[in-house]
Amino acid sequence: MASTNSTLHPNLSVSGAREAIDFYVRALGAEVVSVIESGGIVVHSDLRLGGSTFTVAEPFPEMGSTAPDPEQPVPASFTLEVADCDAAFARAVEAGARAVSEPTDEFHGGRIAQLRDPFGHRWFLNQHLEDVAPEELQRRVDAWTAAQAPA
Numbered sequence: 001m002a003s004t005n006s007t008l009h010p011n012l013s014v015s016g017a018r019e020a021i022d023f024y025v026r027a028l029g030a031e032v033v034s035v036i037e038s039g040g041i042v043v044h045s046d047l048r049l050g051g052s053t054f055t056v057a058e059p060f061p062e063m064g065s066t067a068p069d070p071e072q073p074v075p076a077s078f079t080l081e082v083a084d085c086d087a088a089f090a091r092a093v094e095a096g097a098r099a100v101s102e103p104t105d106e107f108h109g110g111r112i113a114q115l116r117d118p119f120g121h122r123w124f125l126n127q128h129l130e131d132v133a134p135e136e137l138q139r140r141v142d143a144w145t146a147a148q149a150p151a
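If you're matching positions, the sequence shown starts at 1 in the UniProt record's numbering and goes up one per residue.
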């Protein structure tokens, strides 16, 4: 296994790891660091996105690793910081991601979009637009929450 120098290194289980690796390269601009196979099955790979790394491998239920169902909700998501949310969103959708929400300027100071990759994982693309002080963020959250409440 390659040294990643990444403090947090998520492990993504996917059905079709080789295809997923290719997708993450095309859709998100990931760089392949290493791929380890056994019997034609990807058992470990390291990919780099900016200063972070993550692993993609086939599921191993006997070791507690299962792939998400692309049609069902997932308990976790990934946020990728991007320079241009609209361009990153278009690239990912062109590569086969499913758009969940279009790029939108949000109260937290970012332009954000949500995607589901073809393998079931949920991704947010976030473009930093402005620094928001904690007090201002709380004010904006309160206003947003009030606007969401049923009339």
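The C-beta atom is built at its ideal place from N, Cα and C for all residues, glycine as well.
Handout entry: Alpha-carbon to alpha-carbon, residue 109 and residue 21
Key = For residue 21 and residue 109, the gap between their C-alpha atoms comes out near 31 Å.
Exercise for the section: Could you tell me which residues DSSP pairs with residue 57 in its beta bridges? Expected result: Residue 57 has 13 as its beta-bridge partners, per DSSP.
Handout entry: Proximity to residue 136 [Cα-Cα], best of 123, 107, 72, 148
Key = With distances taken between Cα atoms, residue 136 lies closest to 107.
Handout entry: Local conformation of residue 78 per DSSP, three classes
Key = Correct three-state label for residue 78: strand.
Practice task
May I ask you to list the residues that DSSP assigns as paired with residue 104?
Solution key: Paired residues: 112.
Exercise for the section: In the DSSP assignment, find the unbroken alpha helix (DSSP H) run with residue 135 in it and report its ends. Expected result: Start and end: 134–148.
Exercise for the section: For residue 47, name the three-state secondary structure that DSSP assigns. Expected result: Look at residue 47 here: in three-state DSSP terms it is strand.
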